[in-house]
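If you read the protein sequences in the order shown, they are chains A and B.
Just so we're aligned, residue 71 is where the first sequence starts under my numbering, counting upward by one.
Just so we're aligned, residue 71 is where the second sequence starts under my numbering, counting upward by one.
Note that beta-carbon positions come from the ideal geometry of N, C-alpha and C, so glycine has one too.
Reading through the structure tokens given below for one structure.
Number of protein chains: 2
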Amino acid sequence: MKNKKIAILGAGPSGLAQLRAFEAARQEGVENLPEIVCYEKQSDIGGLWNYTWRAGLDKNGEAVHGSMYRYLWSNGPKECLEFSDYSFDEHFGQAIPSYPPRAVLRDYIMGRIDQEDIAKYIRFECPVRWVTYDENTELFTVTVMNHKTGQQETELFDYVVVATGHFSTPNMPHFKGLEQFSGRVLHAHDFRDALEFENQDILLVGGSYSAEDIGSQCYKYGSKSVTISYRTSAIGFDWPEGMDEVPLLTHFDGNTAHFADGTSKHFDSVIMCTGYLFHFPFLPDALRLQTHNCLYPDHLYKGIFFQENPKMMYLGMQDQYYTFNMFDVQAWYARDFMLGRIQLPKAEDRLENMQHWLVRHADLKSSIDNIDFQGSYIRDLHKETNYPEFAIEEQGEMFKQWLQDKKTDIMAFREGSYASTVTGTLATQLPAPWLAIKDDSLESFMALDFISLEEQD
Amino acid sequence: MKNKKIAILGAGPSGLAQLRAFEAARQEGVENLPEIVCYEKQSDIGGLWNYTWRAGLDKNGEAVHGSMYRYLWSNGPKECLEFSDYSFDEHFGQAIPSYPPRAVLRDYIMGRIDQEDIAKYIRFECPVRWVTYDENTELFTVTVMNHKTGQQETELFDYVVVATGHFSTPNMPHFKGLEQFSGRVLHAHDFRDALEFENQDILLVGGSYSAEDIGSQCYKYGSKSVTISYRTSAIGFDWPEGMDEVPLLTHFDGNTAHFADGTSKHFDSVIMCTGYLFHFPFLPDALRLQTHNCLYPDHLYKGIFFQENPKMMYLGMQDQYYTFNMFDVQAWYARDFMLGRIQLPKAEDRLENMQHWLVRHADLKSSIDNIDFQGSYIRDLHKETNYPEFAIEEQGEMFKQWLQDKKTDIMAFREGSYASTVTGTLATQLPAPWLAIKDDSLESFMALDFISLEEQD
């Protein structure tokens with residue numbers, strides 16, 4: 071029998087998880103593994119975790135994937151995203167703090183992968199142009215643009231795994247008068263360096279992670295003032311002086327923004343922290359997931375298998391508390407389906423299963439509920455795979471503590487320390503307040519004199 | 071016989087020219103005109119001439135088409151782009167200056183089109199996703215994303231006219247050290263408002279129209295200094311104090327740029343005026359024009375018909391001295407082919423014809439040569455169509471004068487006046503120097519007291 075052939079679209083955390091899952095099967099001794107091709111738009115692995123100075127379009131004229139910025143530090147404890155099969159201790163050889171900068175986490179992601187070994191699967195600078203499925207041959211046709219050669223490539227596949235993420239295509243609303251605002255207007259996706267906004271009065275529109283984190287960055291790096299405009303309810307942290315929350319922006323009059331409470335203020339720049347779109351310009355409707363950002367997108371059985379054609383799989387399309395380890399469990403599950411170890415129920419049974427989860431999903435009322443929901447979703451997948459056991463529920467409790475930490479001091483929550491559920495190691499502490507550590511490179515971070523809390527006991 | 075069906079991709083100056091060409095045939099009494107569908111990514115007609123405050127991606131997550139900015143004025147005399155069948159006099163009812171702001175020219179483009187009448191052909195917010203051609207049915211399949219409905223649409227066509235432009239996808243080179251430059255780095259495509267760069271030291275990389283015009287804008291609107299870095303030779307105008315040209319940028323060290331002559335300077339922002347890519351993410355290689363910006367792209371017979379499949383047509387893909395009226399002549403020619411009035415020679419004869427032009431093209435040595443070449447290209451097309459006669463060669467001489475005007479005073483060339491070759495009307499003069507007129511809206515421009523040179527005689 072001819073080996074099956076799999077296309078993985080994207081080599082970020084989800085796509086790499088899929089490659090790793092098959093590698094784990096190979097190490098288990100599974101033979102006749104499927105042939106894998108992983109298409110990646112960027113010129114390196116890492117997905118969102120690659121920093122780029124570019125904004126808008128990349129060197130090949132493709133939409134820039136990266137939404138990360140200089141001085142970005144993890145906004146959740148690293149102990150909640152630790153790989154079960156590759157601990158932080160194994161990678162760094164020492165305990166490090168719970169909230170490392172981007173470059174440090176990227177180094178960890180890269181470390182799990184034998185880059186030479188997987189390089190053979192990945193075709194870089196190959197954005198996918200179009201995918202079709204032929205009911206007769208039961209094969210997918212994937213056409214990509216290979217920017218390295220300047221020519222397109224078309225291949226047939228038995229399975230397609232979409233791992234292209236959903237935090238790359240900005241949702242950019244219009245507000246009346248923006249055409250005449252004569253300062254910079256950008257989306258969080260294009261935010262690169264807080265120093266560009268030094269000494270400026272900045273307006274952030276939006277009330278979620280982007281506003282919270284970019285606002286804190288701008289404060290840290292010397293913006294004159296930071297104003298966050300929320301739609302429904304304030305984020306509500308105890309912001310430092312110079313940071314404020316105001317109700318929804320209604321319109322601009324020149325460089326003056328007006329808000330729903332009748333107040334107004336002059337701004338130098340506006341950063342839209344208004345979220346992201348699910349954008350799959352390479353997929354026909356018959357294969358295309360249509361959803362907004364939520365914990366249980368409809369039409370995905372087990373959060374993975376496209377209902378209309380389960381040989382079309384999606385990884386990481388959920389809104390996320392859990393990240394890397396959730397992607398792993400999904401990838402292991404998808405792998406086992408592709409290896410024939412897991413049989414999917416028939417369409418109506420898949421539908422019934424999804425309905426069950428969607429009903430639970432509709433009932434979620436708080437962040438605590440959300441965390442528990444995502445935990446039980448992962449547990450449900452995990453029990454059918456051989457992904458190494460991990461403390462899903464214990465990590466859920468960490469997320470709840472993290473929410474508290476942010477409430478206590480949004481400018482200092484990154485100074486907290488959590489214990490690894492994989493190795494038990496307690497994270498070390500930063501030697502100075504987060505606000506005082508301005509160089510975030512891997513080298514300078516790792517050269518800090520971390521404080522061991524265990525030795526102090 | 072069933073009517074032929076035509077897809078026009080894009081509703082900017084070229085796409086509108088194609089619609090107008092068929093409308094002219096209808097007015098001549100031609101019956102059984104083809105059925106036309108025009109797909110447009112933006113939510114209005116006008117193409118590049120629509121100003122948008124957006125940069126990067128648009129509200130639907132598609133690449134922003136617009137490269138124009140606030141305060142952009144025509145950089146060539148309007149008399150060189152006048153429609154032969156719709157004069158400036160007819161549109162404005164009065165003589166206006168030779169170099170109007172963007173909004174004024176856009177108004178003129180829109181005025182020729184009966185917008186209600188053509189609205190029925192155009193599907194807005196419909197970026198094209200993928201085009202294929204079936205050798206057996208001899209039909210194109212065009213799939214578009216209709217963002218208004220959220221669903222895709224697929225239709226079959228006999229002909230496809232690509233009118234999507236080639237000044238929308240930035241060519242963005244990398245220079246060593248850019249990752250650590252802590253100011254703003256953008257491409258001319260994303261430049262929106264010179265006031266964002268007030269009091270800044272600005273570096274422009276590139277030696278063509280974008281650098282020249284954005285540099286002048288930044289000077290006009292109060293940048294502290296403007297430095298233009300060229301690759302091969304300086305633009306060479308007599309720049310005002312505060313504007314300088316330097317050789318090629320070699321690398322950055324923090325916010326200090328180093329140049330090939332060993333000099334260096336600290337900058338607040340960098341604007342890459344490094345041109346554009348030909349980017350057709352919706353076309354398979356079999357239908358895709360692959361070229362750089364030049365006056366005679368290879369593989370296009372008559373500069374229009376894709377050699378490998380002449381039912382695939384391209385408008386406006388040349389580098390441009392002539393613009394609107396060249397697009398018109400191309401659109402009239404393409405129309406006559408689609409109406410069966412013009413028969414194309416067989417492939418080898420088309421090839422021979424292209425070779426003839428490519429040889430001439432390879433011999434061009436100066437801007438004067440270039441202008442003459444494009445004039446004779448247009449003349450060659452024009453003689454086979456019934457597009458109203460226009461003074462192609464006379465306009466060529468105007469272009470040559472325009473080059474002189476810029477050399478004489480780059481900050482004042484827009485104060486020159488040319489006579490229409492369509493109506494003979496001599497353009498009026500601005501009542502103040504271009505540098506002094508800072509509000510460029512249609513209303514305020516038309517409210518200026520233009521000075522009639524004819525009355526002064």
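{"Asked": "Interface flag, tryptophan 143(B) vs chain A, CB-CB below 7 Å", "Found": "no"}
{"Asked": "Three CB pairs or more closer than 8 Å across the region 111-125 of chain A and the region 429-438 of chain A", "Found": "no"}
{"Asked": "Three-state secondary structure (DSSP) of methionine 215(B)", "Found": "strand"}
{"Asked": "Residue range of the unbroken alpha helix (DSSP H) whose run includes tyrosine 384(B)", "Found": "Element bounds for tyrosine 384(B): not the alpha helix (DSSP H) but the beta strand (DSSP E), 382-384."}
{"Asked": "DSSP three-state assignment for histidine 70(B), whether helix, strand or coil", "Found": "The question about residue 70(B) has no answer here: the residues shown for chain B are numbered 71 through 527."}
{"Asked": "Classification of alanine 417(A) by the beta-carbon crowding that lies within 10 angstroms, buried from 16 upward", "Found": "exposed"}
{"Asked": "Member of Val340(A), Gly247(A), Ile298(A), Cys196(A) whose CA lies at the smallest distance from the CA of glycine 324(A)", "Found": "Gly247(A)"}
{"Asked": "Rounded separation between glutamine 88(B) and serine 238(B) - CA only", "Found": "20 Å"}
{"Asked": "CA-to-CA distance, asparagine 456(B) to threonine 224(B), given in whole angstroms", "Found": "34 Å"}
{"Asked": "Those runs of the alpha helix (DSSP H) which lie wholly inside the region 257-304 of chain A and span at least 4 residues", "Found": "279-290"}
{"Asked": "9 Å Cβ cut-off: residues of chain B touching tryptophan 123(A)", "Found": "His244, Leu248, Glu249, Gln250, Phe251, Val255"}
{"Asked": "Element boundaries [alpha helix (DSSP H), containing tryptophan 427(A)]", "Found": "417-432"}
{"Asked": "Coil, strand or helix - aspartate 527(A) by DSSP", "Found": "A caution first: aspartate 527(A) carries a pLDDT of 46, below 50, which makes its placement in the model too unreliable to give a value."}
{"Asked": "Runs of beta strand (DSSP E) lying entirely within the region 351-413 of chain A, each at least 3 residues, in chain order", "Found": "382-384"}
{"Asked": "Arginine 140(A) - containing alpha helix (DSSP H), residue span", "Found": "Per DSSP, arginine 140(A) belongs to no alpha helix (DSSP H) and is neither H nor E."}
{"Asked": "Aspartate 529(B) to cysteine 288(B) span [Cα, whole Å]", "Found": "Past the boundaries of the shown model lies residue 529(B); chain B is included only from 71 to 527, so the question cannot be answered."}
{"Asked": "Glutamate 186(B) classed as buried or exposed, judged by whether at least 16 other C-beta atoms fall within 10 angstroms", "Found": "exposed"}
{"Asked": "Chain A contacts from the region 101-119 of chain B (Cβ-Cβ distance under 7 Å)", "Found": "none"}
{"Asked": "CA-to-CA distance, methionine 468(B) to aspartate 527(B), given in whole angstroms", "Found": "With a pLDDT of only 46 at aspartate 527(B), under 50, the local geometry of the prediction cannot be trusted, and no value is derived from it."}
{"Asked": "Distance CB(leucine 359(A))-CB(tyrosine 392(A)) smaller than 7 Å", "Found": "no"}
{"Asked": "Short-range partners of chain B found in the region 154-168 of chain A, where Cβ spacing is below 8 Å", "Found": "none"}
{"Asked": "Between the CA atoms of glycine 116(B) and threonine 320(A) - distance to the nearest angstrom", "Found": "28 Å"}
{"Asked": "Same chain, Cβ closer than 6 Å to methionine 215(A), five either side skipped, listed in chain order", "Found": "Pro197, Arg199, Gln222"}
{"Asked": "Where tyrosine 191(A) falls: helix, strand or coil (DSSP)", "Found": "coil"}
{"Asked": "Helix, strand or coil at glutamate 110(B) [DSSP, three-state]", "Found": "coil"}
{"Asked": "Close Cβ partners of arginine 484(B) (< 7 Å) along its chain, the five nearest in sequence each way excluded", "Found": "Trp143, Tyr169, Trp504"}
{"Asked": "Proximal chain B residues relative to glutamine 221(A), where beta-carbon distance stays under 7 Å", "Found": "Asp355"}
{"Asked": "Cβ neighbour criterion (16 or more within 10 Å) applied to glycine 126(A)", "Found": "buried"}
{"Asked": "Rounded straight-line distance, which links the Cα of glycine 277(B) to that of glutamate 98(A)", "Found": "59 Å"}
{"Asked": "Three-way DSSP call (helix, strand, coil) for histidine 529(B) in this model", "Found": "As shown, chain B starts at 71 and ends at 527. That puts residue 529(B) outside it, with no answer to give."}
{"Asked": "Any 3 or more C-beta pairs closer than 8 Å across the region 261-281 of chain A and the region 337-356 of chain A", "Found": "yes"}
{"Asked": "Proximal residues, the region 224-240 of chain A versus chain B, C-beta separation under 7 Å", "Found": "Thr239, Pro240"}
{"Asked": "Test: aspartate 527(B) CB closer than 7 Å to a CB of chain A", "Found": "Note that aspartate 527(B) scores a pLDDT of 46, beneath 50, so its modelled location is shaky; the value from the coordinates is reported in the next line. Taking Cβ atoms only, chain A never reaches closer than 7 Å to aspartate 527(B), which makes this a no."}
{"Asked": "Endpoints, alpha helix (DSSP H) assigned at glutamate 160(A)", "Found": "158-162"}
{"Asked": "Bridge partner(s) assigned by DSSP for glutamate 225(B)", "Found": "Val212(B)"}
{"Asked": "Beta carbon proximity, lysine 74(A) to chain B, threshold 7 Å", "Found": "no"}
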